[in-house]
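Since the structure comes first, as structure tokens, the remarks are kept for the end.
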Amino acid sequence: MAVVLFIISLLILIIIPNLGAQKKHAHSVHGAAMTTVVQTQVDAYYDEFDDPQISFDKLVSFRYM
-6 MAVVLFIISL LILIIIPNLG AQKKHAHSVH GAAMTTVVQT QVDAYYDEFD
44 DPQISFDKLV SFRYM
């Protein structure tokens, strides 16, 4: 019984620090993905309307966001 608890505690000690690193990695990947999505929508708006004054409000009102 003590051996099982020891193995479980070792696994927890290995997994817990990795969860924090994976969370940071997920946040950075999500940020990069959102940047790409917004830039793609800006490019699509510009291609359709040829308006250099693009704002977030315009993208929302024309349903690009």
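Just so we're aligned, residue -6 is where the sequence shown starts under the numbering used here, counting upward by one. Positions of the beta carbon are idealized from the N, C-alpha and C atoms, including for glycine.
Query	Result
Nearest to D43 by alpha carbon, out of V35, I9, A14?	V35
Please return the same chain residues whose Cβ sits closer than 7 Å to the Cβ of Y57, not counting the five positions on each side in sequence.	Q34, A37, Y38
Kindly indicate which three-state DSSP category F55 falls into: helix, strand or coil?	coil
Roughly how many angstroms separate the alpha carbons of F55 and G24, rounded to a whole number?	23 Å
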